[in-house]
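In our numbering, the protein residues as written are 9 to 157.
Note that beta-carbon positions come from the ideal geometry of N, C-alpha and C, so glycine has one too.
Owing to the predicted nature of the structure, the values given are computational and were not obtained by experimental measurement.
Remarks on the structure that follows.
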Amino acid sequence: MTTLGGPQDANEPGLASRLRLAVVRLNRRLRAQRDVEAVATLTQLSAMASLHRHGPMSPRELAERERVQPPSMTRVIAALVEGGFIDRSPHPTDGRQTVVALTESGRRYIDAQVSARERWLDARLAELTPDERTILCRAAEIIDRMAST
């Protein structure tokens with residue numbers, strides 16, 4: 009195995025597998041960091057995070073953003089409305105549709121989840137050298153670009 013940042017890293021056999029496993033492990037550790045009682049499923053949490061990040065949208069738009077089928081999103085939305093995390097309102101231009109948005113309770117829940125995860129990640133980053141943090145900063149940009157395509 010080569011050293012991090014060495015010239016042979018890009019051609020290293022198994023890079024895709026190692027990267028996939030590292031991302032999965034980091035994601036699992038981040039999901040485990042909870043500041044408040046876990047009352048929402050990961051699917052519901054993801055839908056709320058999309059609404060938090062992108063604002064109100066139609067259930068169809070939310071399903072597309074979350075890459076799930078509309079009937080699945082209908083169930084997620086129903087559970088979140090029942091839990092008081094989101095509200096439905098009439099679509100401003102299409103009376104056949106609704107718009108879903110986070111309630112104040114939903115916003116607080118997401119903020120608490122994000123805060124707990126970021127505190128954990130900040131603590132892990134503080135354990136790294138400045139050079140390692142610089143490498144991760146660049147890697148985050150690259151991974152984000154890969155995930156956006």
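Residue closest to Gln-121, alpha-carbon to alpha-carbon, out of Ala-24, His-60 and Leu-29 = His-60
### Task
Taking all protein chains shown into account, decide if Ile-94 is buried (16 or more other Cβ within 10 angstroms of its Cβ) or exposed.
buried
Nearest-angstrom beta carbon gap, Ala-55 and Glu-69 [assumed within contact, 8 Å]: Incorrect: roughly 11 Å between the Cβ atoms, too far for contact.
Check your understanding: Could you give the distance in angstroms between the alpha-carbon of Ala-71 and the alpha-carbon of Ser-25?
Key -> Taking the straight line joining both Cα atoms gives about 29 Å.
Review point. Should Met-81 and Pro-98 be called a contact, given that it needs their Cβ atoms to be closer than 8 Å?
Key: no
Practice task
Would you mind sorting Val-108 into buried or exposed? The rule is 16 or more other CB atoms within 10 Å of its CB.
Solution key: buried
**Prompt:** Secondary structure at Ser-97, three-state DSSP: helix, strand or coil?
**Reply:** strand
Margin query: Alpha carbons only, please: which of Met-154, Leu-53 and Thr-106 is nearest the one belonging to Val-84?
Written below: Leu-53
Sequence-distant residues of the same chain with beta carbon closer than 7 Å to Ser-113, five excluded per side:
Gly-92 and Phe-93
Terminal residues of the alpha helix (DSSP H) in which Thr-142 lies: 138–156
Q: Please state if the CB of Ile-118 and the CB of Ala-57 are separated by a distance shorter than 8 Å.
A: Yes, the Cβ-Cβ distance between Ala-57 and Ile-118 is below 8 Å.
* Asked: Nearest to Ala-87 by CA position, among Gln-105, Leu-110 and Pro-100, is which residue?
  -> Leu-110
Original post:
How big is the Cα-Cα spacing for Leu-34 and Leu-27?
Top reply: 10 Å
Query raised in the report: Out of curiosity, what's the CA-to-CA distance linking Arg-141 and Leu-133?
Result: 7 Å
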